[in-house]
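Below is one structure, written out as structure tokens; comments come after it.
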Amino acid sequence: MDVCFCADFPERWGRRTTKVTAANRISLRHVTLATDLAARSDRAFDRALDMARRWNAQLLIVHAVEDRALSTGEPSWRRGSDPVETARRKLLFDYPGWEDIETAIDIRVGTPRDVVLEAAARENTDMIVTGIAREDVYGRDNLGDLVPLLAKHADAPVLVVKKHAKTAPRRVVVASDLTDTSHAALDLALGLFGPGRLILFNAFDIPYRGLAGDRNELERTMRPGVIEECKALLVDAAGAAAASQIEIIAELGAPAQTLAKLVADRDIDLVVTGTYGHTGLMDALLGSTAMDIMAEVSCDVLVARRKT
Numbered sequence: 091m092d093v094c095f096c097a098d099f100p101e102r103w104g105r106r107t108t109k110v111t112a113a114n115r116i117s118l119r120h121v122t123l124a125t126d127l128a129a130r131s132d133r134a135f136d137r138a139l140d141m142a143r144r145w146n147a148q149l150l151i152v153h154a155v156e157d158r159a160l161s162t163g164e165p166s167w168r169r170g171s172d173p174v175e176t177a178r179r180k181l182l183f184d185y186p187g188w189e190d191i192e193t194a195i196d197i198r199v200g201t202p203r204d205v206v207l208e209a210a211a212r213e214n215t216d217m218i219v220t221g222i223a224r225e226d227v228y229g230r231d232n233l234g235d236l237v238p239l240l241a242k243h244a245d246a247p248v249l250v251v252k253k254h255a256k257t258a259p260r261r262v263v264v265a266s267d268l269t270d271t272s273h274a275a276l277d278l279a280l281g282l283f284g285p286g287r288l289i290l291f292n293a294f295d296i297p298y299r300g301l302a303g304d305r306n307e308l309e310r311t312m313r314p315g316v317i318e319e320c321k322a323l324l325v326d327a328a329g330a331a332a333a334s335q336i337e338i339i340a341e342l343g344a345p346a347q348t349l350a351k352l353v354a355d356r357d358i359d360l361v362v363t364g365t366y367g368h369t370g371l372m373d374a375l376l377g378s379t380a381m382d383i384m385a386e387v388s389c390d391v392l393v394a395r396r397k398t
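Per the numbering used here, residue 91 is the first one in the sequence shown, and the count goes up by one each step.
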């Protein structure tokens, strides 16, 4: 079965021992915004501010000044102002509006991966928010270098922002592979949003589908069993009452492309998916599935990574 892969959120949030209900929602205490200060980063900036206000959370704004910004080759008396100070001034001038939020700024020299991960770990952050390198209206978005690295190595969930939005997500899809690891992304979505706005999505397939006969017949044969598995997963994760509120969509096809069509057709605001560990087969699956989802769908993506 060719499906999308979900994973766990940080262990400090604890393993799930009870059903996720409105009584035990996840509370965000700290949000980290990873920004390159480019023009397109205003979407992630606005989203991080909105989350900090909604959850009354602390906000950390992180920017890495890469070594190449310091290596001009010019004599000291001909060099411009300090790049760290330049970045700080740009942040204060171009990104106003966070005076009412408890905010810290961390701008320092280093690789974006190291600077962001170290800052997020130091603050024990609950969510990392970042944007993409380039949006492609007609095809796959360019995630850039930082998003895949954060998705693979961050302990906290990573919210990849693509859309302008001033309200909380109204329609949320949880991408599931129907294994035990799917509980984690589902738990995260339930804890943040509750069951009422969730859709559980599964893309199912079989090897050598081209040799298996009629696609429509194959889909009709396989879908009922997949839906029953989805129902069992929901009841196990959320209880029967909450599970009854969650729509189930099971489709034959490649996960990322099928999910991208659903996002466009249903005007989905957020997809929740996940990753596995750092190495080996699971890392390869991350590259072929979770990254494809992030690149293909037109909405924001929340990635919860399983800690090894």
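All C-beta atoms in this analysis are idealised placements derived from N, C-alpha and C, irrespective of residue type, glycine included.
{"Item": "Count Cβ pairs between the stretch 210-220 and the stretch 141-150 that sit closer than 8 Å; are there 3 or more?", "Value": "yes"}
{"Item": "Are Val262 and Val250 touching if we call contact CB-CB under 8 Å?", "Value": "no"}
{"Item": "Considering Cα atoms alone, identify which of Ile317, Phe135, Leu278 is closest to Phe291.", "Value": "Ile317"}
{"Item": "Taking its Cβ as the centre, do 16 or more other Cβ atoms sit within 10 Å of Val119, making it buried, or is it exposed?", "Value": "Correcting the residue type first, residue 119 is Arg in the shown sequence and not Val. Answer is exposed; the Cβ neighbour count stays below 16."}
{"Item": "Below 8 Å, how does it come out for the stretch 349-365 and the stretch 276-294: are there three or more Cβ pairs, yes or no?", "Value": "yes"}
{"Item": "Output needed for Thr107: all residues of its chain with C-beta closer than 8 Å, excluding positions within five of it in sequence on either side, in chain order.", "Value": "Only weak support exists for where Thr107 lies, its pLDDT of 42 falling under 50; the value from the coordinates is given anyway. Excluding positions up to five away in sequence, the list is empty."}
{"Item": "Looking at Arg313 and Ala340, is the spacing between their C-beta atoms short of 8 Å?", "Value": "yes"}
{"Item": "Helix, strand or coil for Arg261, going by three-state DSSP, please let me know.", "Value": "coil"}
{"Item": "Short of 8 Å in beta carbon distance, which residues of its chain neighbour Asp184, apart from the five on each side in sequence? Order them along the chain.", "Value": "Leu127"}
{"Item": "Can you tell me which residues form a DSSP beta bridge with Asn292?", "Value": "Ala340"}
{"Item": "Does DSSP put Arg119 in a helix, a strand or coil?", "Value": "coil"}
{"Item": "Can you name the residues that DSSP bridges to Leu360?", "Value": "Val262, Asp390"}
{"Item": "Kindly list the residues whose CB is nearer than 7 Å to the CB of Lys180, restricted to its own chain and excluding five residues on each side of it in sequence; keep chain order.", "Value": "Leu127"}
{"Item": "DSSP three-state call for Ile191: helix, strand or coil?", "Value": "coil"}
{"Item": "In whole angstroms, what is the alpha-carbon distance linking Thr176 and Asp190?", "Value": "24 Å"}
{"Item": "Considering just the uninterrupted stretch of the alpha helix (DSSP H) at Ala330, what are its terminal residues?", "Value": "330-333"}
{"Item": "For Thr379, which of helix, strand or coil comes out of DSSP?", "Value": "helix"}
{"Item": "Determine the direct distance from the alpha carbon of Arg115 to that of Phe283, and round the result to whole angstroms.", "Value": "8 Å"}
{"Item": "Considering only the alpha carbon of each residue, which of Asp245, Glu307, Gly221, Ala354 lies closest to Gly234?", "Value": "Gly221"}
{"Item": "Could you tell me the alpha carbon to alpha carbon distance between Asp267 and Thr257, rounded to whole angstroms?", "Value": "29 Å"}
{"Item": "Does the Cβ of Ala293 have 16 or more other Cβ atoms within 10 Å, making it buried, or fewer, making it exposed?", "Value": "buried"}
{"Item": "Measuring CB to CB, does Val80 end up less than 8 Å from Ala138?", "Value": "Outside the displayed span of the chain (91 to 398) sits residue 80, for which this structure offers no information."}
{"Item": "Quick one: what does DSSP say Leu280 is sitting in, helix, strand or coil?", "Value": "helix"}
{"Item": "So what does Met217 bridge to, in DSSP terms?", "Value": "Val121"}
{"Item": "Excluding sequence positions up to five away, which residues of its chain have a Cβ less than 6 Å from the Cβ of Ala333?", "Value": "Leu324, Val325"}
{"Item": "Cα-Cα, which of Val264, Leu308, Ala211, Asp295 is closest to Val353?", "Value": "Val264"}
{"Item": "From Glu337, Ala331, Asp390, Glu307, pick the residue whose C-alpha is nearest to that of Cys320; which is it?", "Value": "Glu337"}
{"Item": "Could you check where the beta strand (DSSP E) with Ala154 kicks off and where it finishes?", "Value": "148-155"}
{"Item": "I'd like the list of long-range same chain contacts for Val391, defined as Cβ closer than 6 Å, with 5 residues on each side in sequence excluded.", "Value": "Val250, Val361, Met384"}
{"Item": "Once you ignore the five residues that flank Ala209 on each side, which residues in its own chain have a CB closer than 7 Å to its CB?", "Value": "Thr122, Leu150, Val152, Asp196"}
{"Item": "Going by other Cβ atoms of all chains shown within 10 Å of its Cβ, with 16 needed for buried, is Lys253 buried or exposed?", "Value": "exposed"}
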